[in-house]
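Chains as they are written, first to last, in my numbering: chain A, 1 to 319; chain B, 320 to 1023; chain C, 1024 to 1283. Even for Gly, the Cβ is constructed at its ideal location relative to N, Cα and C. Keep in mind that this is a model prediction, so the values were computed, not measured. Working notes for the structure below.
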Amino acid sequence: MAKVLVIADIKQGVLKGSTLELLSKARAIGAETAVVAIGKNISSLAADMAKAGSNTQYIADDASLELFSAGPYASCVVDAAKQSNADMIWFGFSEGGKAVAPRVAAQLGAACATEIIDVTLTGGNIEIVRPAIANKVMQRVKINSKQLVAVVRAGAFQATEGNAGKENVVKLSIPAADLRAVIKEILSDATGDVDLADADIVVSVGRGAKDQAGVNLVKELANDLKAGFGSSRAMVDGGFMAHNKQVGQTGKIVAPTLYMAMGISGAIQHLAGMNGSKVILAVNKDPEAPIFNVADYGIVGDLFEVVPILREELKKIRK
Amino acid sequence: MNPLLMSILLIIALTIFGRTMVRKIQLLMALEPTAAGRTDRIMDRIKNVVIIALGQKRLVGRKKEFVSGLMHAFIFWGFCVLLIRSITLYGEGFAHGFQLPIFNENFLLGYLYIGLKDIMEGIVLVMAAYAIFRRAVIKPERLHNTWEAYFVLCMIVTLMISDLLLDGARYNLITLYNNPGNLHFFNNLSYGNEFIWTPVSVAAASLISPLGADATGYVMTAMFWLHIITQLTFLNFLPIGKHFHVITSLPNVFLKSLGYPHEKTKLLNLEDESVWEDESLGMNHIHQLNWKQGLDLYTCTECGRCKEVCPAFSTDKPLNLYDFNQDLKHELHANSDKIIKRKKLSLALANEPDEARKEEIKAQMAGLKSEKSLVGDVIKEDTLWACTTCRACEEVCPVTIEHVPRIMAMRQGQTLMAGVYPKELNTALKGLERNGNPWGIGYDKRADWAEGLGVKTMAEDSDVDYLLWVGCAGSFDDRTKKVSVSIVKILQKAGINFAILGTEEKCTGDFARRAGNEMMYQAMARENIETLNNYKVKKIIAACPHCLNTLKHEYPQLDGNYEVIHHTEFIEGLVRSGKIKLNKALEGSLTYHDPCYLGRYNSIYDQPRSLLSAISKDGFKELDRHANESFCCGAGGARMWLEETIGKRINLARAEEIADRNVATVAVGCPFCLTMVEDGMKELGKEEQIKTRDIAELVAGNMA
Amino acid sequence: MKILTTVKKVVDVELNIHIKDGAIVEDGLQYVINAWDENAVEAAVQLKEKNNAETTLVSLGGGDNADIIRKCYAMGIDEGIHVDDPALAKADSFVYANVLKKIVEKGGYDLVITGKQAQDTDSGQTGIMLAEFLGFPCVSNVVALEVLDETHVKVSRLGDSGTEIIELALPAVVTVSDSINEPRLPAMRGIMMAKKKKIDSMDLAGLGTSGADVGCGALKSEIAEFMASKTRKAGRKFEGDAAKITAEVVGLLATEAKVF
């Protein structure tokens, strides 16, 4: 039986939905499941991780692991991978995952694939599917080595209700801090914002908002819906939005249930970051804007006019 | 009067004048040569002199400035007339009763002349007085009130008054005091005596009639010398200020560019390594002006018309052509010694066989470079990049100064040598480099707009009568694609056998060249020329005035010679020949915004109007600023790809002007104008009331 | 300080990519410098200007890479190495990282700057693996880079919970994001001068290694086939009175799409 080790995605002490998605997929392909969790004060999450479907929980819980540091994190994963003898090691889609996965692969001498959207296992042969060339093509990749380290693209796997696993905690030894790459500080994101990667609804703002007043207007809509608030590249470059709010190929890749593009024209780099969304609603003044080519529902209009109406109408429905 | 005094005055005045002029001419001769000869097509040149200089076309020909234009014209014509009178006066200085051949009392011509001269003096006097009044009281915005201007006007007044009083005193001495000095006057039985021909001088005479005989005699002598001295002072004053134009404007008009409205952007030889080493590409230092550009600076009259019509200046950009010219002129004069010395050295260098000596000369020449860089030190960068190359300034300049080529040459210097240019251009330049269009959209999508329209590509069938040159906007910009489709509909309806290049077409390189990026321009141009020549293309219909201009006027510099015609011109021909019939069905009033590169650069003014009149049911209205004085949309000269952060946006200013005209539709003939005007309308919230349409769209929608 | 940057020649992502029989149709494609590598080159050139660094670039595979290497010369890179070998035809990140390791060992570089990923594969592994193979510390997704002293640089990395400020001991590897800088368009003068500059071209043997040595014989993964991406279809577009159409769309979100 194949063994899959899923790296738990934990943010602010909470196990993220993506971990459940990955574990669901692992079970779906008939694999034995384990998770590895790294951080500070996270041992209490063992039960959650078991509930999510894992049968073994490798936990590295230490104050030194509070801040993300790719080197030590990779050591923990490699340790767990060796202990569990995993065939596949899956990371959820995050900057941390993207930084750690190649390290783990290099250390294990395993194959590495990022942004995979599907994985099949036929008689010990692993194949994955992943997009390439800015989502313009898909690659089916044959994995020759015994082990695969993979980063799974956001929204690729669905969480399914299934049997809970069992709690079987294995404490990992705590690696030494990486003294050659010392984190001095983290300028953290605006707190209280809904996490883009996790949000069920994402509202994004683009050039159509023109300035800060426009951005604030769209932000209100996001607040109403308790949605993640994202941005196109233009608004980041314009200084209206933080870098970490940028949805797109070079920023966050999101796949929410509903993606609302407000005043975003839809450059290919932006589309690459959100076209996995289930339903896309776009509001744009220009009827020819490329965003309408991917939107399920398109409203041709000025967001300054449409957004207030949208808020009112949504309030009515959600009551 | 007094040959000795006259001789002394003349010798002093002419010596000083001669020295000044020699110096000025030396400086011109030390400047760079012009790209094209300036003495070909003599008849055309004479015609220009007659119409523009002597006829004062750009002064009296502009409705907006008719009165002041007339004022200047009469002063000018007055001076021309007075030249003959002056010769007579100098003669009088040497010989009592001197008369010119023909212009004497034995000929009617002599009488006609003194009559004309008399009236003209009166008129010039009035005009000079009006000029002073206008400067002092009306104060038109474009004029700079300098002491020099008033001083010259006072001299003109002095010249007129002294001559009139001179004649008045003479008349009084003859008629009232029995002609004590045996003074000469016209008295031919056939034509009567001088007095009845010269009412203004007679009036001057009556003004001083109370003076006694002696006093009148003194007045006459005094006025004579006053006139002569003023004139000689005036002569010497001319070259040192803006009134040099009195001397230089006729030659400047004679030497103006022919065939193309101004000197074409210089085709630089980028493969020559030495030009990169000695930094001689483009214009970075004042000695790189060509002699005609130097003459332009001599000739600038500081009238300010250029800045008044300038889209950049009138929307508060830092480009003020008045200052621009003044700053260059000062820099030129400040470096005149160096420039002349440098020229001598460069001639010596050319004849020097010894390598070591050559290096020495080169080093000396480098030492004679002006201290200031033209851009940065003399002209600010923002000023240089504000120009839209619309040429409005050149169309109104009464002395045909060519402003734009200098700006182009300076941009070449900035982009090629200094590498200093607005960074916003990078995205567009990168797009050009990779995919042959400023948006950087994949070149493979260039013909997507034509899908399903039944348009052939040259690759499919190159045996066609015309190549339709679509342009980047027509290929990639969603709004302009509709114009491309309209053109296709019209051509198909008329049964024209045409094709497009499809994915083989690339940007003509217009905006790169206007941005001074000669390297990118030549790369684009050479690739296009190769493609065009491979298909043996002869006739091109261009859907964009910028493409038209580049294909037609600039590709020949690289041996790409084609017959190029803008779609408006072509469609108008189709209508004239009956291949396209139009309905006079377009409702609502209609106006037309002249694109600069269609109008001012290519003189296509009538064809668009003829088409629009043919389809408009409710009438065609002109904009206040139209035809050769049309106001730029703001996108020319690579400005399409630059942010417009200073002052009011040009397209908004134009949109407001159009909106004020209360029309239902504004027609354009250029994709840039289409975008800019339509965006302006959107900003005003009037895009629904006032539709912005290309002429081709209007024609396609109103074909019978 | 000696800096090595890596540049890859990749398909121009602005073009439509067509697939036939599981392979990409090469006809009509053009190849350009990887955009993130351009950021890496710009970062290196800035360090050259600010900190007098010596800059070298290496480009692996790709056939005729002279155009992109000269472009980088024109941007200000001092030296260029091009390693190409038939053995590299199907190379993956592992192989590339192994070849780069040889280059770094040979040249003794203090800092390796790579783009965070290549536009053709979007993998983002090579730089990080290179660091592992070399035993260098590494920071990925870097958005700011500053030299502290001869042995340390300070970098900012966009992480999951904010911008991480990290002090990195040299020698090290960083992979840069496009937010780090705006790559310059080379000065014309530089373009002309770059035409004459030498490119140090070699095959694997020239580098003192072999295909087997860098892992070409036992590829860890192989692309079995290319497939066309599933494209979303355009849905419905509503135009007209804003109040009316907005209400209609909100209704559909609830009843048809069932997202509320």
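- Query: In or out: residue 318 of chain A buried (at least 16 other Cβ within 10 Å) or exposed?
  - Reply: exposed
- Any chain A beta carbon closer than 8 Å to residue 1196 of chain C: no
- Item | For residue 539 of chain B, the nearest candidate out of B:996, B:493 and B:827 (CA to CA) | B:493
- Residue-level contact to chain C via CB, residue 120 of chain A, 8 Å cutoff: no
- Query: Taking Cβ-Cβ distances shorter than 8 Å, what residues in chain B pair up with residue 1212 of chain C?
  - Reply: 595, 735, 736 and 738
- In the DSSP assignment, find the beta strand (DSSP E) that holds residue 131 of chain A and state where it starts and stops. 125–132
- Taking only runs of the beta strand (DSSP E) that begin and end inside the segment 1067–1114 of chain C, which ones reach a length of at least 3 residues, in chain order? 1077–1083 and 1102–1106
- Query: Does any CB atom of chain C fall closer than 8 Å to the CB of residue 821 of chain B?
  - Reply: no
- Sort B:740, B:909 and B:563 by Cα distance to residue 648 of chain B and report the nearest one. B:563
- Message: On the DSSP letters alone, give me the boundaries of the alpha helix (DSSP H) that residue 565 of chain B sits inside.
- Response: 564–573
- Any beta-carbon of chain B closer than 8 Å to the one on residue 288 of chain A? yes
- residue 1206 of chain C touches chain A at which residues, Cβ-Cβ below 7 Å? Those do not exist, as residue 1206 of chain C stays about 14 Å from chain A at its closest Cβ, beyond 7 Å.
- Expressed to the nearest angstrom, what Euclidean distance is found between the alpha-carbon atoms of residue 1019 of chain B and residue 363 of chain B? 40 Å
- Task: Starting from residue 258 of chain A, follow its DSSP beta bridges and name the residues at the other end.
- Result: A:201 and A:279
- What's the C-alpha gap between residue 560 of chain B and residue 467 of chain B? 8 Å
- Message: Please tell me whether residue 1062 of chain C has its Cβ less than 8 Å away from any Cβ of chain B.
- Response: no
- So which residues on chain A does residue 1201 of chain C lean against when the C-beta distance must stay under 8 Å? 250
- Own chain, CB closer than 6 Å to residue 228 of chain A, minus 5 neighbours either side, in chain order: 194, 196, 199 and 202
- Which residues, taken in chain order from the segment 1130–1159 of chain C, show a beta carbon closer than 7 Å to some beta carbon of chain A? 1142, 1143, 1144, 1145, 1146, 1147, 1148, 1151, 1152, 1155 and 1156
- Interface residues of chain C around residue 753 of chain B at Cβ under 8 Å? 1035, 1037, 1053 and 1055
- At a cut of 8 Å, does the segment 948–968 of chain B reach the segment 910–928 of chain B through at least three beta carbon pairs? yes
- So, does the CB of residue 244 of chain A fall closer than 8 Å to a CB anywhere in chain C? yes
- Give a yes or no on contact between the segment 856–869 of chain B and the segment 985–996 of chain B, applying the rule of three or more CB pairs nearer than 8 Å. yes
- Rounded C-beta distance between residue 54 of chain A and residue 35 of chain A? I'm assuming under 8 Å. 4 Å
- Beta-carbon proximity check, residue 1113 of chain C vs residue 1153 of chain C, cutoff 8 Å: no
- Query: In three-state DSSP terms, what is residue 507 of chain B?
  - Reply: strand
- Helix, strand or coil for residue 814 of chain B, going by three-state DSSP, please let me know. coil
- Leaving out the 5 sequence neighbours to the left and right, which residues in its chain are closer than 7 Å to residue 38 of chain A when beta-carbon positions are compared? 60, 65, 73 and 76
- Can you round the beta-carbon distance between residue 1148 of chain C and residue 112 of chain A to whole angstroms, since I take them to be within the 8 Å contact cut? 5 Å
- Task: Output yes if chain B places a C-beta closer than 8 Å to the C-beta of residue 1225 of chain C; else output no.
- Result: no
- Assuming residue 298 of chain A and residue 1261 of chain C form a contact by the criterion Cβ under 8 Å, report the distance between their Cβ atoms to the nearest whole angstrom. 7 Å
- Residues within the segment 252–263 of chain A neighbouring chain C, beta-carbon criterion of under 7 Å: 257 and 258
- Item | Cβ-based neighbour list, residue 843 of chain B, same chain, cut-off 8 Å, excluding 5 preceding and 5 following | 751, 755, 825, 826, 827, 828 and 831
- For the segment 781–800 of chain B, which residues have a CB atom closer than 7 Å to at least one CB atom of chain A, in sequence order? 797
- Cβ of residue 1098 of chain C within 8 Å of any chain B Cβ: no
- Message: Taking the alpha-carbon of residue 554 of chain B as reference, which of B:508, B:332, B:696 and B:517 has the nearest alpha-carbon?
- Response: B:332
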